[in-house]
Amino acid sequence: MVYKLGRHALRFLLPTSCLLCRRATRHGLCLCPGCIGDLPVPLITCNICALPLGSPGTCGRCLARHPDYDGIQAALLYQPPVSQLVQRLKYSHRIHVAHLFASLLLPLLTSREDVPDVLVPVPLHSGRMRRRGFNQAWEITRRLSRLCGIPADPKLLTRSRSTPAQTGLSASQRQRNLRDAFCVNGETVKLHIAVIDDVMTTGSTLQAIAGTLKRSGATRVTGLVVARAVKQL
Ligand SMILES: [Zn+2]
Ligand SMILES: [Zn+2]
């Protein structure tokens, strides 16, 4: 009986077919190995903001002004089919896609010499959280924490106020929009904090968060994002 129940639960929990091509998956991820291998990966990127570049180095914007964060790593490029997977994370197949994204971020974290002290998700404002019912960045962060053993804290950083949607705003408008949008609710002094998000477009959210964390005493703030926009907006 227990055996049957266990098998039934497992079938419910583990995806059995690839979300993109519908072929059978047997390794517990929601994409087959072929579709994972075909996902667009950033090759040469800015060594600070992870913007795709033609040759190794630092992009013009980071050279003009070093962001408050110390460096961002991106697992994938934000273009189809990654953008479709991100939508699925927000609206359906949340558990399976969050697990896939955490397992794609894991090698970025384990290949680094500067291991973060704590993983923190980019917070959603409580209103949006209530409407959606969950924070997709936390869904990824807590699974990544389980995989790598680094503690995660969903309450260290909160949104102090609701910010209008960022879509359609220029980078400077986004920065103004996000000023004082975040607050810190715990110990950050001398910590290396890795901030986790699903998508990075201009980086203005990570910039605002890094500024807030540094002012509260963090020595190092790095970002780990699943997908990076291909162009600087
Ligand atoms: Zn597939
Ligand atoms: Zn850059």
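Residue numbers (the numbering used here): 7 to 239.
Note that CB positions come from ideal geometry on N, CA and C, so glycine has one too.
In angstroms, rounded to a whole number, what distance separates the CA positions of residue i and residue j?
i      : j      : result
Arg17  : Leu25  : A caution first: Arg17 carries a pLDDT of 48, below 50, which makes its placement in the model unreliable, though a value can still be read off. C-alpha separation (whole angstroms): 16 Å.
Arg180 : Ala80  : 21 Å
Phe140 : Ala158 : 16 Å
Ile50  : Ala56  : 8 Å
Met7   : Leu130 : Because Met7 sits at a pLDDT of 43, beneath the cut-off of 50, its placement in the model cannot be relied upon, and the following sentence gives the value as read from the coordinates. Answer to the nearest angstrom: the Cα atoms are 42 Å apart.
Ser23  : Glu145 : 21 Å
Thr218 : Ile202 : 15 Å
Leu184 : Tyr75  : 15 Å
Leu310 : Leu106 : The question about residue 310 has no answer here: the residues shown for the chain are numbered 7 through 239.
His33  : Arg221 : 43 Å
Thr147 : Ala108 : 7 Å
Ile54  : Pro127 : 19 Å
Pro58  : Val47  : 10 Å
Cys65  : Cys52  : 5 Å
Asp186 : Arg234 : 24 Å
Asp120 : Gly77  : 11 Å
Leu125 : Gln213 : 16 Å
Pro73  : Leu153 : 29 Å
His14  : Gln90  : Below a pLDDT of 50, predicted positions are generally treated as unreliable, and His14, at 49, falls in that range; the measurement from the model is reported next regardless. Their backbone Cα atoms lie some 29 Å apart in a straight line.
Based on the DSSP output, what are the partners of residue i in its beta bridges?
i      : result
Thr164 : Cys189
His198 : Arg226
Ala233 : Leu82, Val205
Ala158 : Leu125
Ala30  : Ser23
Any idea what DSSP makes of residue i, helix, strand or coil?
i      : result
Pro58  : strand
Asp44  : helix
Pro3   : Lying before the first or after the last residue shown, residue 3 is absent from the chain, which here runs from 7 to 239.
Arg118 : coil
Arg180 : helix
Ser23  : strand
Thr51  : strand
Gly66  : helix
Asn77  : Correcting the residue type first, residue 77 is Gly in the shown sequence and not Asn. Gly77: strand per DSSP, three-state reduction.
Arg94  : helix
His72  : coil
His102 : helix
Leu3   : Because the chain here runs from 7 to 239, residue 3 falls outside it and cannot be looked at.
Does residue i come within less than 7 Å of chain D when only Cβ atoms are used?
i     : result
Asp74 : In the structure shown, chain D cannot be found, because there is only a single protein chain.
Select from the options the residue whose C-alpha is nearest the C-alpha of residue i.
i      : options                       : result
Ala224 : Leu82, Leu163, Arg71          : Leu163
Thr194 : Gln85, Val227, Arg28          : Val227
Val103 : Asp204, Gly40, Ala216, Lys237 : Asp204
Ala216 : Thr208, Cys36, Met206, Gly229 : Gly229
Arg3   : Ala30, His198, Leu91          : Not covered by the structure: residue 3. The range shown for the chain is 7 to 239.
Arg138 : Ala200, Leu114, Lys96         : Lys96
Tyr84  : Ala70, Leu45, Arg100, Leu110  : Leu45
Gly209 : Ser176, Val190, Lys196, Cys27 : Ser176
Leu150 : Gly192, Leu112, His99, Thr31  : Leu112
Arg94  : Arg136, Cys36, Leu114, Thr116 : Cys36
Fill in: Uninterrupted beta strand (DSSP E) stretches inside the region 124-150 (no shorter than 3 residues)
124-127
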